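A.B. asks:
Numbering (the UniProt record's numbering), first residue to last: 1 to 244.
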C-alpha cells in the first residue's frame with residue numbers, strides 16, 4: 001500500500017498546496033480519500049485522472065469536497081474524448097448524499113456508505129466508523145489481504161469509537177487541528193495531545209498528523225502528540241509518500 005498526501009491543511013490551502021486529500025494505491029487500484037480545495041491539480045502529479053478508481057468522501061465540509069465537482073467535469077470530458085472508459089465511483093455517507101449536487105450520473109456513480117459498511121476496491125477492503133463531528137463524518141479503514149492496515153480519521157473530536165476502530169493499524173492518519181493549549185475550544189476536532197492519546201490507546205504502528213492549523217509552529221504538534229504516544233509521530237506534508 002502506497003499513500004501520498006495530496007493535501008493536509010484544514011479550512012483552506014496554503015499557497016500552492018491543498019486541503020484534505022490522500023491518494024492510496026494498492027493492488028493496481030487508485031483510491032482518493034477526500035477531495036478538498038487544491039486537491040485536483042496536485043493529484044495529477046501522482047495519478048493520471050484516467051487511472052483513478054474511486055473517491056471516498058468522509059463528510060461534506062468544503063475543505064474535504066471543494067474539488068469534487070471539478071473532478072466530475074474531468075470525468076465527463078475524459079470519457080467523451082475516449083481517454084477514460086468507466087464512470088468514477090464516489091462513496092459518501094448515506095446521511096450526506098442529499099448535500100451533494102452531482103449533475104452527470106453517467107460519469108459519476110454515487111454509492112451510500114455508513115458505519116458498519118464494508119466494500120472492496122481492488123484488493124483493499126474498506127470499512128467505516130462514525131466520528132464525533134458537527135455533521136455526519138466517517139473514519140475509513142483500508143485493509144489489504146496481507147493484513148496491512150491504514151486508518152484515516154477524517155474530522156473528529158476525541159471518542160472511544162475512533163480508538164477502537166484504529167486498533168493495531170499500521171498507519172493512523174489522524175487529524176490534529178489544535179495545539180494542546182487550545183483544549184476545549186472545539187469538541188469537533190482534536191488537539192495534538194488527543195491525537196497522540198488515541199494513537200497510544202489504539203496501539204498503532206505510527207501516527208501521521210494532518211488537517212493542520214494555519215498558525216503556530218507545526219513541529220509543536222508533533223511534540224505534543226509524542227508526549228502521549230511513544231511510537232513514531234510524523235507531520236504530513238503535501239507530496240509526502242508513505243509505504244506500508
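All C-beta atoms, glycine included, are put in the ideal place defined by N, C-alpha and C.
Note that the structure is predicted; figures quoted are calculated from it, not measured.
Give me the Cα-Cα distance between residue 189 and residue 3, rounded to the nearest whole angstrom.
C.D. replies: On the chain shown, residue 189 is found 189 positions in, with the first residue counted as 1. On the chain shown, residue 3 is found 3 positions in, with the first residue counted as 1. Rounded to the nearest angstrom, the two C-alpha atoms are 23 Å apart.
A.B. asks: So with Cβ pairs under 7 Å, would you call residue 235 a contact of chain D?
C.D. replies: Given the protein chain composition of this structure (a single chain), no chain D is represented.
A.B. asks: In the segment 24 to 62, which residue ranges form an unbroken beta strand (DSSP E) of at least 3 residues, counting only runs that do not cross its ends?
C.D. replies: Here the runs fully enclosed are 29 to 33 and 54 to 57.
A.B. asks: Grouping DSSP H, G and I as helix and E and B as strand, with all else coil, what is residue 2?
C.D. replies: Locating residue 2 in the chain shown gives position 2, counting from the first residue. It is a strand residue.
A.B. asks: In the structure shown, what three-state DSSP assignment does residue 176 receive?
C.D. replies: The residue given as residue 176 occupies position 176 in the chain shown. Three-state DSSP puts residue 176 in coil, outside helix and strand.
A.B. asks: Report the partner residues of residue 7 according to the DSSP bridge assignment.
C.D. replies: Working through the chain shown from its first residue, we reach residue 7 at position 7. DSSP output for residue 7 lists 21 as bridge partner(s).
A.B. asks: Should residue 93 be labelled buried (16 or more other beta-carbon atoms within 10 Å of its own) or exposed?
C.D. replies: The count along the chain shown starts at 1 and reaches residue 93 at position 93. Classification of residue 93: buried, given that the 10 Å Cβ count is 16 or more.
A.B. asks: Can you give me the C-alpha to C-alpha distance between residue 214 and residue 90, rounded to a whole angstrom?
C.D. replies: If you number the chain shown from 1, residue 214 lands on position 214. If you number the chain shown from 1, residue 90 lands on position 90. Taking the straight line joining both Cα atoms gives about 29 Å.
A.B. asks: Helix, strand or coil for residue 148 per DSSP?
C.D. replies: In the chain shown, residue 148 corresponds to position 148, counting from 1. Note: residue 148 maps to coil in three-state DSSP.
A.B. asks: Starting from residue 112, follow the beta strand (DSSP E) in both directions and report where the run begins and ends.
C.D. replies: Within the chain shown, the letter at position 112 stands for residue 112. Residues 108 to 113.
A.B. asks: Please report how far the alpha carbon of residue 52 lies from the alpha carbon of residue 171, in whole angstroms.
C.D. replies: Here residue 52 refers to the residue found at position 52 when the chain shown is read from its first residue. Here residue 171 refers to the residue found at position 171 when the chain shown is read from its first residue. Cα-Cα distance, rounded: 22 Å.
A.B. asks: My guess is that residue 131 and residue 155 are in contact by the Cβ rule of under 8 Å, so how many angstroms apart are they, rounded?
C.D. replies: As a working note, residue 131 is residue 131 in the chain shown. As a working note, residue 155 is residue 155 in the chain shown. Contact flag correct, Cβ pair sits at about 7 Å.
A.B. asks: Measuring straight from C-alpha to C-alpha, what distance separates residue 95 and residue 179?
C.D. replies: Looking up residue 95 in the chain shown gives position 95. Looking up residue 179 in the chain shown gives position 179. Their Cα atoms are separated by approximately 31 Å.
A.B. asks: If you run the structure through DSSP and keep just helix, strand and coil, what is residue 237?
C.D. replies: Stepping through the chain shown from its first residue, residue 237 is reached at position 237. Coil, per DSSP.
A.B. asks: Tell me the DSSP secondary structure of residue 91 in three-state form.
C.D. replies: Position 91 of the chain shown, counted from the start, is the residue given in the question as residue 91. In the structure shown, residue 91 sits in a strand (DSSP, three-state: E or B).
A.B. asks: Quick one: what does DSSP say residue 247 is sitting in, helix, strand or coil?
C.D. replies: Examination of residue 247 is not possible in this model, given that the chain is present from 1 through 244 alone.
A.B. asks: Could you check the C-alpha separation between residue 191 and residue 227 for me, to the nearest Å?
C.D. replies: Residue mapping note: residue 191 aligns to position 191 of the chain shown, counting from 1. Residue mapping note: residue 227 aligns to position 227 of the chain shown, counting from 1. If you take the alpha carbons of residue 191 and residue 227, they lie about 12 Å apart.
A.B. asks: Buried or exposed: where does residue 175 fall if 16 or more other Cβ atoms within 10 Å of its Cβ makes it buried?
C.D. replies: For the purposes of this step, residue 175 is taken as the residue at position 175 of the chain shown. So residue 175 counts as buried.
A.B. asks: Once DSSP output is grouped into helix, strand and coil, what is the label at residue 97?
C.D. replies: Taking the chain shown and counting its residues from 1, the one referred to as residue 97 is at position 97. Three-state DSSP puts residue 97 in a helix.
A.B. asks: When burial is assigned at 16 or more other CB atoms within 10 Å of the CB, is residue 225 buried or exposed?
C.D. replies: Counting from 1 along the chain shown, the entry for residue 225 is found at position 225. Buried, since its Cβ has 16 or more Cβ neighbours within 10 Å.
A.B. asks: With C-beta atoms as the reference, is residue 183 less than 7 Å away from residue 165?
C.D. replies: Taking the chain shown and counting its residues from 1, one reaches residue 183 at position 183. Taking the chain shown and counting its residues from 1, one reaches residue 165 at position 165. Result no, Cβ atoms of residue 183 and residue 165 do not sit closer than 7 Å.
A.B. asks: Per DSSP, what kind of secondary structure is residue 81 in: helix, strand or coil?
C.D. replies: Residue 81 sits at position 81 when you count from the first residue of the chain shown. Residue 81 falls in the coil class under three-state DSSP.
A.B. asks: Taking Cβ positions, are residue 311 and residue 42 nearer each other than 7 Å?
C.D. replies: Absent from the structure is residue 311, since the part of the chain shown begins at 1 and ends at 244.
A.B. asks: May I ask which residues mark the beginning and end of the beta strand (DSSP E) holding residue 121?
C.D. replies: Counted from its first residue, the chain shown places residue 121 at position 121. Looking at the DSSP string, the run of the beta strand (DSSP E) that includes residue 121 is 118 to 121.
A.B. asks: Pairs of beta-carbons, one from the segment 61 to 78 and one from the segment 107 to 123, closer than 8 Å: are there three or more?
C.D. replies: The segment 61 to 78 is in contact with the segment 107 to 123.
A.B. asks: Quick check on the burial criterion: 16 or more other C-beta atoms within 10 angstroms. Buried or exposed for residue 133?
C.D. replies: By 1-based counting over the chain shown, the position of residue 133 is 133. It counts as buried.
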